[in-house]
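Asks: Provided herewith is a single structure, encoded as structure tokens, for subsequent inquiry.
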Amino acid sequence: MNDDLPLLRVSSLSKSYGSRIGCADVTFDLWPGEVLAVVGESGSGKTTLLNCLSTRLMPTSGTASYRMRDGTFRELYRMSEAERRFLMRTDWGFVHQNPADGLRMNVSAGANVGERLMAVGDRHYGRIRATAIDWLGRVEIGADRIDDEPRAFSGGMRQRLQIARNLVTGPRLVFMDEPTGGLDVSVQARLLDLLRGLVSDLGLAAIVVTHDLAVARLLSQRMMVMKDGRVVETGLTDRVLDDPREPYTQLLVSSILQV
Amino acid sequence: MPTPLVVSEVAKSFTMHLRDGVRLAVVEDVSFSLKSGECAVLGGPSGAGKSSILKMLYGNYAADAGQIIVNHGGKLIDLAAASPREVLAIRRDTIGYVSQFLRTVPRVAAVDVVAEPLVARGFDRARARERAATLLSRLNLPERLWGLPPATFSGGEQQRVNIARGFITAHPILLLDEPTASLDARNREVVIAMIAEKKAEGVALLGIFHDADVREAVADRIIDVTVFAPGARAA
Amino acid sequence: MSARTSEIASYNFAYLDEQTKRMIRRAILKGIAIPGYQVPFASREMPMPYGWGTGGVQITASIIGRDDVLKVIDQGADDTTNAVSIRAFFARVAGVAVTTETAKATIIQTRHRIPEHPLGEGQVLVYQVPIPEPLRYLEPRETETRKMHALEEYGLMHVKLYEDIARHGHIATTYAYPVKVEGRYVMDPSPTPKFDNPKMHMSPALQLFGAGREKRIYALPPYTRVVSLDFEDHPFEVQRFEQPCALCGARNVYLDEVILDDRGGRMFVCSDTDYCEKRRDEGGVAANPFEPDEAAT
Chain A
0 MNDDLPLLRV SSLSKSYGSR IGCADVTFDL WPGEVLAVVG ESGSGKTTLL
50 NCLSTRLMPT SGTASYRMRD GTFRELYRMS EAERRFLMRT DWGFVHQNPA
100 DGLRMNVSAG ANVGERLMAV GDRHYGRIRA TAIDWLGRVE IGADRIDDEP
150 RAFSGGMRQR LQIARNLVTG PRLVFMDEPT GGLDVSVQAR LLDLLRGLVS
200 DLGLAAIVVT HDLAVARLLS QRMMVMKDGR VVETGLTDRV LDDPREPYTQ
250 LLVSSILQV
Chain B
0 MPTPLVVSEV AKSFTMHLRD GVRLAVVEDV SFSLKSGECA VLGGPSGAGK
50 SSILKMLYGN YAADAGQIIV NHGGKLIDLA AASPREVLAI RRDTIGYVSQ
100 FLRTVPRVAA VDVVAEPLVA RGFDRARARE RAATLLSRLN LPERLWGLPP
150 ATFSGGEQQR VNIARGFITA HPILLLDEPT ASLDARNREV VIAMIAEKKA
200 EGVALLGIFH DADVREAVAD RIIDVTVFAP GARAA
Chain C
0 MSARTSEIAS YNFAYLDEQT KRMIRRAILK GIAIPGYQVP FASREMPMPY
50 GWGTGGVQIT ASIIGRDDVL KVIDQGADDT TNAVSIRAFF ARVAGVAVTT
100 ETAKATIIQT RHRIPEHPLG EGQVLVYQVP IPEPLRYLEP RETETRKMHA
150 LEEYGLMHVK LYEDIARHGH IATTYAYPVK VEGRYVMDPS PTPKFDNPKM
200 HMSPALQLFG AGREKRIYAL PPYTRVVSLD FEDHPFEVQR FEQPCALCGA
250 RNVYLDEVIL DDRGGRMFVC SDTDYCEKRR DEGGVAANPF EPDEAAT
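Residue numbers (numbering that gives the first Met the number 0), protein chains in the order written: chain A, 0 to 258; chain B, 0 to 234; chain C, 0 to 296.
This is how it looks when you write it as structure tokens:
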């Protein structure tokens, strides 16, 4: 595959709710295997942006084109709903902050992981189950838990299950909305490490929305800082964090608690 | 001798927006070049901007002005104006960096921290681990520590992990930010020997060494940073 | 007949007014045109509670003519309360001939069975359906299930079957077993035992499904492909009974368990009462070792 072309091209993307700005004039390219962190405080528009990019929301203006597996660029907001939904369950993943939003809580862990396989036409129970066991292992969930419902899982386990459910079809782009939010610190560390490993092993591109700069530093190579719906600073993650240029970024960085 | 790195008229200042926009000029008109097989050392007192220069050369700090021309696989790229993607590619293949402090990642074993740059360049993980183990043992890091995450290691142990990580690849340019600061004499000797080997391999090295003995042992020349102090040229 | 019609002169033929029948017929025609697709319709109040077959009754009322012969079964039986009262209802409001014989009926309204006697061209089977939406089990939102049908996103149906196998080692769904119609729509065949699913496939009869409370009509035109969902390594199978019917000796039919006493005594008999009686009239009894069905399979 041609890695000299971006996977996603976003140009002047804006979303407004009446007169209120969700996000405004966002432009960037994302390359295969690249992890982009979008940071900012609550209300900065980072989640609106994520929802627009993942086509869960329609932007007010602007374009986003995605390079499909056949190499052609497709304008996301002009695709039919059927195509978009197919993309979302095959070539994309979406990891929600609250696992209950991304899991089926009333079916087993195995079925949660296997659903995407069945959705793309796998009709062999034994193979689906073997793949599910493999993926549970990769997110450090024992094979003996395969028939348990996610309700019986801890928060960290649920999040790991959500990740497995998303990655089972080998997506090329994963959206993450505060993937470690609401977890205990030790659980967070484990999850971050797991995500780092998976992202680099699978060569995933990811857009990670987080308000936690430490998470951004650990997971991403590039960073976009948002305030009031606009991108105020962008660049290499360590450059933005170690040499912040904009007043708001300096405020954010200086507000990190040191341990 | 090829010249893989040319720095010309680079300037760096910090604008402190939280302190009413105070502008803190660090260096200006930084110009020098680096040849393959030499080890140049940045000299000057603390606060002269040695570390800032090193960080600009790694893309960690943004340069306000000037050019940092890097020979990246035969292609000349201005690092000061490069896109994040280009900087990442240069870091992966051309410029290595040994920082003063190790930024640890939770739960990743020391041996994997060291092996990671090789794996990122497409090496087989098992082979990369072997190389990592060789380096760690050469730097006298007890083998029982290899499988543990370095977060709880002592300063000297962390630094050795850091050095091994920086030296494991064959980057043509290697930046060293006080790699020997927390090392004992025996391990300092090891690092001096490793730097000499890199030079022999044709690597261009640029370092900051506070320890006079080490500096003496490795430096082919000293680049005096005080001449880059703001206003120094005019004076 | 004239005496009876005058008694109920205030009712239109077959109870429903003509406008309502036309509305329902339009829904039926749309259902036939798009096999397996659930057509919404303006379900009317009927003189019986929901759950008693109001959907099926409205379909029957809309298609029945004076020359039709009606059979009504409930779990295969012609003589249970539900079947008897619906049959009586139409005998009264439409004055049509009624029968218990499958072969003689032109319209068969059924609750949860397909007769054992093969249906033929010209016959209409009307199913009473409680919950028409096969995806409802895992997706409670109607907006979402409609979208899933529209976009043919049926992975969820297999999630349900997967759960069955994971829990029970085999597909434990024994009734309302989901089917795919003409390779397009996934359909709930109403709570018939899965034993009857193969009978739907390429049936020469027209099959109509009515859900009164849920206000949906769907249809299988004659000779429609109806395939039960399954996995390659867990293929669809119908129930097998170890013993023949205790009354008529039939094999390869669907049997009901009948409790005989409070000491564990029980027997298995045909669920299709008409079929069972016919066989007994023709001399097939349990004691008779002669088993014609064996040869047929």
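Glycine included, every Cβ here is placed at the ideal spot set by N, Cα and C.
#1: Does the beta-carbon of B/V224 have 16 or more other beta-carbons within 10 angstroms, so that it is buried, or is it exposed?
#2: Closest to B/L23 by C-alpha separation, out of B/F13, B/L17, B/S30 and B/H170, would be which residue?
#3: Specify, as a first and last residue, the run of the beta strand (DSSP E) that C/M45 falls within.
#4: With a cut-off of 8 Å on the beta carbons, I'd call C/A204 and C/L69 a contact; round off their distance for me.
#5: Helix, strand or coil for C/H200? Go by DSSP, reduced to three states.
#6: Tell me which same chain residues have a C-beta within less than 7 Å of the C-beta of A/L4, skipping the five on either side of it?
#7: Rounded to the nearest angstrom, what separates C/A294 and C/N251 at their Cα positions?
#8: Could you tell me whether the Cβ of A/D147 comes closer than 8 Å to any Cβ of chain C?
#9: To the nearest angstrom, report how far apart C/A26 and C/V38 are at their CA atoms.
#10: Examine chain A for any beta-carbon lying closer than 8 Å to the beta-carbon of C/G154, and answer yes or no.
#11: If you count every other CB in all the chains shown that lies within 10 Å of the CB of C/I164, and 16 or more means buried, which is it?
#12: Label B/L209 either buried or exposed according to how many other C-beta atoms from any shown protein chain fall within 10 Å of its C-beta, with 16 as the threshold for buried.
#13: Pop quiz: A/V224 and A/E245 are said to be a contact at Cβ under 8 Å. What is the actual Cβ separation, rounded to whole angstroms?
#14: How far does the alpha helix (DSSP H) with C/R86 in it extend, from its first residue to its last?
#15: From the DSSP output, which residues share a beta bridge with B/V5?
#16: What residue from A/I255, A/L256, A/Q249 and A/V239 has the CA that sits closest to B/H16's CA?
#17: According to DSSP, A/S13 sits in a beta bridge with which residue or residues?
#18: List the residues of chain E that A/A188 touches, going by C-beta distances under 8 Å, in chain order.
#19: By how many angstroms is the C-alpha of C/H233 removed from the C-alpha of B/P148?
#20: Check the Cβ of A/R103 against every Cβ in chain C and list those closer than 7 Å, keeping chain order.
#21: Three or more C-beta pairs under 8 Å: does that hold for the stretch 75 to 88 of chain B against the stretch 58 to 66 of chain B?
#22: Would A/G109 pass as a contact of A/R128 if the rule is Cβ separation under 8 Å?
#23: Alpha carbon to alpha carbon, how far is A/A63 from B/E196?
#24: Label A/S253 either buried or exposed according to how many other C-beta atoms from any shown protein chain fall within 10 Å of its C-beta, with 16 as the threshold for buried.
#25: Applying a beta-carbon distance threshold of less than 8 Å, which residues of chain B neighbour A/Q249?
#26: Below 8 Å between beta carbons: does that hold for B/P3 and B/A203?
#27: Is there a Cβ from chain A that is less than 8 Å from the Cβ of C/Q18?
#28: Tell me which same chain residues have a C-beta within less than 6 Å of the C-beta of C/I107, skipping the five on either side of it?
#29: Mind listing, in chain order, the continuous beta strand (DSSP E) runs of no fewer than 3 residues lying wholly within the stretch 114 to 193 of chain A?
#30: Quick one: which chain C residues come within Cβ less than 9 Å of A/I127?
#31: Which full runs of the beta strand (DSSP E) of 3+ residues lie inside the stretch 81 to 136 of chain B, going along the chain?
#32: Per DSSP, which one or two residues make a beta bridge with A/R229?
#33: Could you say which of B/F31, B/V9, B/V5 and B/P1 lies nearest to B/I221 if we only look at CA atoms?
#34: Can you tell me the Cβ-Cβ gap for A/T29 and A/S219, rounded? I've got them flagged as a contact below 8 Å.
#35: From C/V257 to A/Q96, what distance separates their C-alpha atoms?
#36: For the stretch 35 to 67 of chain B, enumerate the residues whose C-beta is nearer than 8 Å to any C-beta of chain A, in chain order.
Replies: So, from the data block:
#1: Taking the second sequence and counting its residues from 1, one reaches residue 224 of chain B at position 225. Around the beta carbon of B/V224, a 10 Å sphere encloses 16 or more other beta carbons of the protein chains shown; the residue is thus reported as buried.
#2: Position 24 of the second sequence, counted from the first residue, corresponds to residue 23 of chain B. Minimum Cα distance to B/L23 is reached at B/F13.
#3: Counted from its first residue, the third sequence places residue 45 of chain C at position 46. Per DSSP, C/M45 belongs to no beta strand (DSSP E) and is neither H nor E.
#4: Within the third sequence, the letter at position 205 stands for residue 204 of chain C. Within the third sequence, the letter at position 70 stands for residue 69 of chain C. In this structure C/A204 is not in contact with C/L69, their Cβ atoms being roughly 14 Å apart against a cut-off of 8 Å.
#5: Position 201 of the third sequence, counted from the first residue, corresponds to residue 200 of chain C. Coil.
#6: Stepping through the first sequence from its first residue, residue 4 of chain A is reached at position 5. For A/L4, where only same-chain residues beyond five positions count, the Cβ hits under 7 Å are R66.
#7: Residue numbering aside, residue 294 of chain C sits at position 295 when the third sequence is read from its first letter. Residue numbering aside, residue 251 of chain C sits at position 252 when the third sequence is read from its first letter. Per-residue confidence for C/A294 stands at a pLDDT of 39, beneath the threshold of 50, marking its modelled position as unreliable; no derived number is given.
#8: Taking the first residue of the first sequence as position 1, residue 147 of chain A is located at position 148. It does not: the Cβ of A/D147 has no partner Cβ on chain C nearer than 8 Å.
#9: Translated into the one-based positions of the third sequence, residue 26 of chain C becomes position 27. Translated into the one-based positions of the third sequence, residue 38 of chain C becomes position 39. As the crow flies, the alpha-carbon of C/A26 is around 6 Å from that of C/V38.
#10: On the third sequence, position 155 is the one that residue 154 of chain C refers to. Yes, C/G154 lies at the interface with chain A (some Cβ there is under 8 Å from its Cβ).
#11: Against the third sequence, residue 164 of chain C aligns to sequence position 165. Per the 10 Å Cβ criterion, buried.
#12: Locating residue 209 of chain B in the second sequence gives position 210, counting from the first residue. First, the residue type needs correcting, since residue 209 of chain B is His and not Leu in the sequence shown. Flag for B/H209 reads exposed.
#13: Start at 1 with the first residue of the first sequence, and residue 224 of chain A comes out as number 225. Start at 1 with the first residue of the first sequence, and residue 245 of chain A comes out as number 246. The distance from the Cβ of A/V224 to that of A/E245 is about 7 Å, consistent with a contact at the 8 Å cut-off.
#14: As a working note, residue 86 of chain C is residue 87 in the third sequence. Element bounds for C/R86: T80 to V92.
#15: Locating residue 5 of chain B in the second sequence gives position 6, counting from the first residue. Under the DSSP definition of a beta bridge, B/V5 partners with B/S32 and B/I68.
#16: Start at 1 with the first residue of the second sequence, and residue 16 of chain B comes out as number 17. Of the listed residues, the one whose Cα sits closest to B/H16 is A/Q249.
#17: Taking the first residue of the first sequence as position 1, residue 13 of chain A is located at position 14. Paired residue(s): A/S60.
#18: Included in the structure are the protein chains A, B and C, with no chain E among them.
#19: Along the second sequence, one-based indexing puts residue 148 of chain B at 149. Along the third sequence, one-based indexing puts residue 233 of chain C at 234. Approximately 46 Å between the Cα atoms of the pair.
#20: Taking the first sequence and counting its residues from 1, the one referred to as residue 103 of chain A is at position 104. For A/R103, the neighbours in chain C by C-beta distance under 7 Å run, in chain order, L137.
#21: Yes, the stretch 75 to 88 of chain B is in contact with the stretch 58 to 66 of chain B.
#22: Locating residue 109 of chain A in the first sequence gives position 110, counting from the first residue. Locating residue 128 of chain A in the first sequence gives position 129, counting from the first residue. Cβ atoms of A/G109 and A/R128: closer than 8 Å.
#23: To locate residue 63 of chain A, count along the first sequence from 1; it is residue 64. To locate residue 196 of chain B, count along the second sequence from 1; it is residue 197. Straight-line Cα distance between these residues: approximately 50 Å.
#24: Along the first sequence, one-based indexing puts residue 253 of chain A at 254. Exposed, by the Cβ-count rule.
#25: Position 250 of the first sequence, counted from the first residue, corresponds to residue 249 of chain A. Near A/Q249 (Cβ distances below 8 Å), the residues of chain B are M15, H16 and L17.
#26: For this step, residue 3 of chain B is matched to residue 4 along the second sequence. For this step, residue 203 of chain B is matched to residue 204 along the second sequence. Judged by beta-carbon spacing, B/A203 lies within the 8 Å limit of B/P3, meaning their Cβ atoms are closer than that value.
#27: On the third sequence, position 19 is the one that residue 18 of chain C refers to. So, not an interface residue.
#28: Counting from 1 along the third sequence, the entry for residue 107 of chain C is found at position 108. The beta carbon of C/I107 sits closer than 6 Å to the beta carbons of K70 and L124 from its chain, once the five residues preceding and following it are set aside; these are given in chain order.
#29: The stretch 114 to 193 of chain A is shown to contain whole beta strand (DSSP E) runs of 3 or more residues at 172 to 176, in chain order.
#30: For the purposes of this step, residue 127 of chain A is taken as residue 128 along the first sequence, with counting starting at 1. Near A/I127 (Cβ distances below 9 Å), the residues of chain C are H157, Y161 and F230.
#31: As far as the stretch 81 to 136 of chain B is concerned, its whole beta strand (DSSP E) runs of at least 3 residues are 94 to 97.
#32: The residue given as residue 229 of chain A occupies position 230 in the first sequence. Answer by DSSP bridge pairing, in chain order: A/K226.
#33: For the purposes of this step, residue 221 of chain B is taken as residue 222 along the second sequence, with counting starting at 1. The candidate whose alpha carbon is nearest that of B/I221 is B/F31.
#34: Within the first sequence, numbered from 1, the residue matching residue 29 of chain A stands at position 30. Within the first sequence, numbered from 1, the residue matching residue 219 of chain A stands at position 220. The amino acid occupying residue 29 of chain A in the given sequence is Leu; Thr does not appear at that position. Rounded, the Cβ-Cβ distance is 11 Å, inconsistent with contact.
#35: Position 258 of the third sequence, counting from 1, holds the residue named residue 257 of chain C. Position 97 of the first sequence, counting from 1, holds the residue named residue 96 of chain A. The alpha-carbon atoms of C/V257 and A/Q96 are separated by roughly 54 Å.
#36: Of all residues in the stretch 35 to 67 of chain B, K54, G58, N59, Y60 and A61 have a Cβ within less than 8 Å of some Cβ in chain A.
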